[in-house]
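In my numbering, the protein residues as written are 347 to 794. Accompanying notes for the structure given below.
Given below as structure tokens:
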């Protein structure tokens, strides 16, 4: 009989680093939630913000440069402060297998120092993932420009970059939400994204995923999108999956555009294998046959009647949704049928849910892309008196059906009058949004 000597293999060491005020607030939210299996650090030039933080390990940078009073919304100061503290930051990151860098972009410390932290992590050979937010548009063009410049620098050094737009907080939080409640929604999304990945690695689950699996999905993949959804009741798994693919805080996920997909399903002790299969089957059917799909299921005693689904899609090329908006494509029959059903609803469906966060019951489905919209190829659109569209016939191409569209209920489309061809003297609706009637604009946006 052959006997094998048991060898202890330590688990992956995960560190979460919050940079600047926004990053510090996000990490504080993670600490308050009781996240396990990760080490937390906060880095800031503002000594008062560090003093308020609940994170035990704090690194003050730029002591002589700023005098402990922050970077004054100047990313150059933030970068110089981080460069001067390279030795201290390196010591904090050393020994990690995976590092999450979280920051609010647009200001001084987060925008300037986060890329330096990411660069140090990469130099140490650490799998590095950035989870950052963009500023509100009302914060001004300068702050938006600084955020984009910081994001461009950050992407040079991270394996995967996930971006959340603060403008979408307006959709989720609602008009009556306080400022604190609105930002708590963003912190909750960041927390769930980080905790889902760390839980997959560090907590033995129903279906185990180890660090090698996560590295295979997230190593040097560039752009990524993330969705988080929570479902309750009889069809909670499907509901959670649908919300994860339509979260208004993040880009609408089209699974078939990704080379790698990581799925984490978290539920209470009553989570069934049938529910796991029910949710993941939807993804497998929508994904490309060549996509690397890894999924795991984790039991959380605190989740009783809820199921949480986190999807991270990675490996988009430069023209994909992770970097640029999807262009308009004529609807397929299934899409058109689903559209007729969705237009009968007076209010948008509830598409985002999270435990313990303040949120409205309904939000409008309006998606924006983080980059400037490229002009799509011109296509001729035929219209009817009811504003319906007819797709031009193409023998060699078939529009992609997004995963979110397959979850919409389909009903037979009502009969329409004979179409009349749009005038060729006017710009194509696909080319010029300003010439598009509201109903067509809404229809087109549903499939982007």
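For glycine and all other residues, C-beta sits at the position ideal for the given N, C-alpha and C.
Rounded to whole angstroms, what's the CA-CA distance from residue i to residue j? Just pull it up for me.
{"i": "residue 567", "j": "residue 449", "result": "20 Å"}
{"i": "residue 616", "j": "residue 651", "result": "8 Å"}
{"i": "residue 440", "j": "residue 500", "result": "20 Å"}
{"i": "residue 373", "j": "residue 618", "result": "32 Å"}
{"i": "residue 466", "j": "residue 381", "result": "25 Å"}
{"i": "residue 638", "j": "residue 553", "result": "17 Å"}
{"i": "residue 641", "j": "residue 419", "result": "40 Å"}
{"i": "residue 608", "j": "residue 453", "result": "31 Å"}
{"i": "residue 387", "j": "residue 470", "result": "17 Å"}
{"i": "residue 515", "j": "residue 530", "result": "10 Å"}
{"i": "residue 593", "j": "residue 610", "result": "16 Å"}
{"i": "residue 574", "j": "residue 654", "result": "7 Å"}
{"i": "residue 582", "j": "residue 576", "result": "8 Å"}
{"i": "residue 410", "j": "residue 430", "result": "10 Å"}
{"i": "residue 446", "j": "residue 505", "result": "10 Å"}
{"i": "residue 473", "j": "residue 548", "result": "16 Å"}
{"i": "residue 801", "j": "residue 360", "result": "Past the edges of the chain, shown from 347 to 794, lies residue 801, and the structure says nothing about it."}
{"i": "residue 495", "j": "residue 451", "result": "9 Å"}
{"i": "residue 561", "j": "residue 662", "result": "16 Å"}
{"i": "residue 482", "j": "residue 528", "result": "12 Å"}
{"i": "residue 645", "j": "residue 543", "result": "14 Å"}
{"i": "residue 648", "j": "residue 400", "result": "22 Å"}
{"i": "residue 623", "j": "residue 569", "result": "28 Å"}
{"i": "residue 432", "j": "residue 363", "result": "14 Å"}
{"i": "residue 394", "j": "residue 369", "result": "14 Å"}
{"i": "residue 631", "j": "residue 625", "result": "11 Å"}
{"i": "residue 565", "j": "residue 629", "result": "21 Å"}
{"i": "residue 407", "j": "residue 379", "result": "27 Å"}
{"i": "residue 417", "j": "residue 367", "result": "11 Å"}
{"i": "residue 434", "j": "residue 539", "result": "27 Å"}
Is the shortest distance between the beta-carbon of residue i and the beta-carbons of chain C less than 9 Å?
{"i": "residue 442", "result": "The displayed structure is made up of one protein chain only, and chain C is not part of it."}
Given that a residue counts as buried once 16 or more other Cβ atoms are within 10 Å of its Cβ, and exposed if not, what is residue i?
{"i": "residue 558", "result": "exposed"}
{"i": "residue 526", "result": "exposed"}
{"i": "residue 656", "result": "buried"}
{"i": "residue 643", "result": "buried"}
{"i": "residue 480", "result": "buried"}
{"i": "residue 421", "result": "buried"}
{"i": "residue 635", "result": "exposed"}
{"i": "residue 823", "result": "Any answer about residue 823 is impossible in this case: the structure gives the chain only from 347 up to 794."}
{"i": "residue 524", "result": "exposed"}
{"i": "residue 489", "result": "buried"}
{"i": "residue 337", "result": "Outside the displayed range of the chain (347 to 794) lies residue 337, so it cannot be described from this structure."}
{"i": "residue 403", "result": "exposed"}
{"i": "residue 517", "result": "buried"}
{"i": "residue 357", "result": "exposed"}
Specify, as a first and last residue, the run of the alpha helix (DSSP H) that residue i falls within.
{"i": "residue 457", "result": "455–469"}
{"i": "residue 489", "result": "487–501"}
{"i": "residue 367", "result": "366–378"}
{"i": "residue 530", "result": "525–548"}
{"i": "residue 406", "result": "Segment 404–406 is the beta strand (DSSP E) holding residue 406; no alpha helix (DSSP H) there."}
{"i": "residue 560", "result": "557–564"}
{"i": "residue 393", "result": "393–398"}
{"i": "residue 423", "result": "421–430"}
{"i": "residue 618", "result": "Taken as a continuous stretch (DSSP letters only), residue 618 belongs to no alpha helix (DSSP H), as it is neither H nor E."}
{"i": "residue 409", "result": "409–412"}
Just verifying my parser: in three-state terms, what is the DSSP assignment at residue i?
{"i": "residue 360", "result": "strand"}
{"i": "residue 593", "result": "coil"}
{"i": "residue 654", "result": "strand"}
{"i": "residue 451", "result": "coil"}
{"i": "residue 630", "result": "helix"}
{"i": "residue 512", "result": "helix"}
{"i": "residue 662", "result": "coil"}
{"i": "residue 401", "result": "coil"}
{"i": "residue 384", "result": "strand"}
{"i": "residue 581", "result": "coil"}
{"i": "residue 623", "result": "helix"}
{"i": "residue 390", "result": "strand"}
{"i": "residue 587", "result": "helix"}
{"i": "residue 521", "result": "coil"}
{"i": "residue 415", "result": "strand"}
What are the boundary residues of the beta strand (DSSP E) that includes residue i?
{"i": "residue 570", "result": "568–578"}
{"i": "residue 645", "result": "638–645"}
{"i": "residue 479", "result": "473–480"}
{"i": "residue 613", "result": "606–613"}
Would you check if there are 3 or more beta carbon pairs closer than 8 Å linking the segment 510–517 to the segment 532–548? Yes: the two stretches touch, three or more of their Cβ pairs being nearer than 8 Å.
Any chance the segment 487–504 sits against the segment 576–595, with 3 or more Cβ pairs inside 8 Å? Below 8 Å, too few C-beta pairs join the segment 487–504 and the segment 576–595 to call them touching: fewer than three.
Between the segment 420–435 and the segment 443–463, are three or more C-beta pairs nearer than 8 Å? They touch, by the three-pair rule.
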